[in-house]
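Its first residue numbered 0, the sequence shown is counted upward by one per residue in numbering that gives the first Met the number 0. Structure, as structure tokens:
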Amino acid sequence: MKTILCIFLGYLLGSLPFALIIGKVFYHTDIRQYGSGNLGGTNAGRVLGKRAGISVIVFDVLKVVLAIAIATLVSKVAGIWTGLACCIGHCYPVFAKFHGGKAVSTMFGFLFSTSIFLFQDASYLLVPFGMFLVVLYLFKYVSLASMCAAIASSLYITALMLGFNVESISVIVASWLMTVLVIYRHRTNIEKIKKGTENTISWL
Numbered sequence: 000m001k002t003i004l005c006i007f008l009g010y011l012l013g014s015l016p017f018a019l020i021i022g023k024v025f026y027h028t029d030i031r032q033y034g035s036g037n038l039g040g041t042n043a044g045r046v047l048g049k050r051a052g053i054s055v056i057v058f059d060v061l062k063v064v065l066a067i068a069i070a071t072l073v074s075k076v077a078g079i080w081t082g083l084a085c086c087i088g089h090c091y092p093v094f095a096k097f098h099g100g101k102a103v104s105t106m107f108g109f110l111f112s113t114s115i116f117l118f119q120d121a122s123y124l125l126v127p128f129g130m131f132l133v134v135l136y137l138f139k140y141v142s143l144a145s146m147c148a149a150i151a152s153s154l155y156i157t158a159l160m161l162g163f164n165v166e167s168i169s170v171i172v173a174s175w176l177m178t179v180l181v182i183y184r185h186r187t188n189i190e191k192i193k194k195g196t197e198n199t200i201s202w203l
């Protein structure tokens with residue numbers, strides 16, 4: 000029962016649409032009507048500016064950190080599934096008519112939190128983040144870098160956690176579900192990359 004409550008709490012925390020809140024409160028703008036329409040840090044940055052984008056990313060990361068920190072007081076298994084629920088809430092927020100972001104910031108919040116509370120090993124964050132930076136530098140696509148980071152994370156977790164106990168299986172399954180979620184949420188970006196119309200960054 001405690002695990003189920005943690006998962007529900009994780010979903011509710013994930014549903015907090017900070018891009019929408021910051022946009023409306025400080026900029027009087029509903030960013031769902033501009034850019035890609037997504038409630039994420041990337042779109043917030045493009046529509047509202049760098050400061051707003053960074054603020055959204057920080058808060059989106061912190062909501063996952065809070066969710067997993069609370070859940071790991073119950074168990075590591077509760078922590079991993081609560082983190083996933085938080086990311087699902089971010090993508091399909093009950094407080095924003097189920098129209099959210101693409102789980103990039105929350106994915107890194109997930110990796111940051113699990114590296115601290117579950118694994119006590121920074122490599123679980125540094126490996127996918129390193130992949131993100133390399134792909135971003137080479138191709139200039141945030142979407143592609145995010146998907147590659149998610150895949151690298153799941154492969155790394157699978158390689159190090161492979162086992163036949165409940166905890167290992169839960170961590171691996173939740174990790175791959177996270178990767179599937181990130182890729183699914185970027186399906187339109189994949190089509191744009193194929194067509195050569197995907198937005199690229201200019202600051203790197």
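We treat Cβ as the ideally placed atom computed from N, Cα and C, and that holds for glycine. Keep in mind the model is a prediction, meaning the values are calculated, not measured.
Problem set entry | Option nearest A144 by Cα separation, candidates V126, L159, I156 | V126
For this session: Measure the alpha-carbon distance for F17 versus F58 and round it to whole angstroms.
Result: 7 Å
For this session: Measuring alpha carbon to alpha carbon, tell me which of Y155, G78, A70 ends up nearest W175.
Result: Y155
Exercise. Whose CA, out of R31, K139, C5, I6, lies closest to the CA of E197?
Worked result: K139
For this session: Within its chain, find whatever has a CB closer than 6 Å to the CB of A66; leave out the 5 residues flanking it on each side and keep chain order.
Result: G9, L12, T81, C85
For this session: Kindly indicate which three-state DSSP category M160 falls into: helix, strand or coil?
Result: helix
Exercise. Which value, in whole angstroms, describes the spacing of the CA atoms of V63 and K193?
Worked result: 32 Å
Exercise. Which whole-angstrom value is the C-beta distance of A173 and L117, which I expect to be below 8 Å?
Worked result: That belief does not hold up - the Cβ atoms of A173 and L117 are roughly 10 Å apart, past 8 Å.
Problem set entry | Limits of the unbroken alpha helix (DSSP H) element including L125 | 122-138
Exercise. Does the distance from the CB of T178 to the CB of A149 come in under 7 Å?
Worked result: yes
Problem set entry | Minimum C-alpha distance to I171 - residue among I79, V60, M146 | I79
For this session: Could you check what DSSP says for T199 in three-state terms: helix, strand or coil?
Result: coil
Exercise. Is the beta carbon of V141 less than 7 Å from the beta carbon of G108?
Worked result: no
Exercise. So what's N188 in DSSP terms, helix, strand or just coil?
Worked result: helix
Exercise. Taking the Cβ atom as the reference point for each residue, do V46 and Y33 lie within a distance shorter than 7 Å?
Worked result: yes
For this session: Below 6 Å CB to CB, which residues in the same chain sit around C147 once its five sequence neighbours on both sides are set aside?
Result: M130, V134
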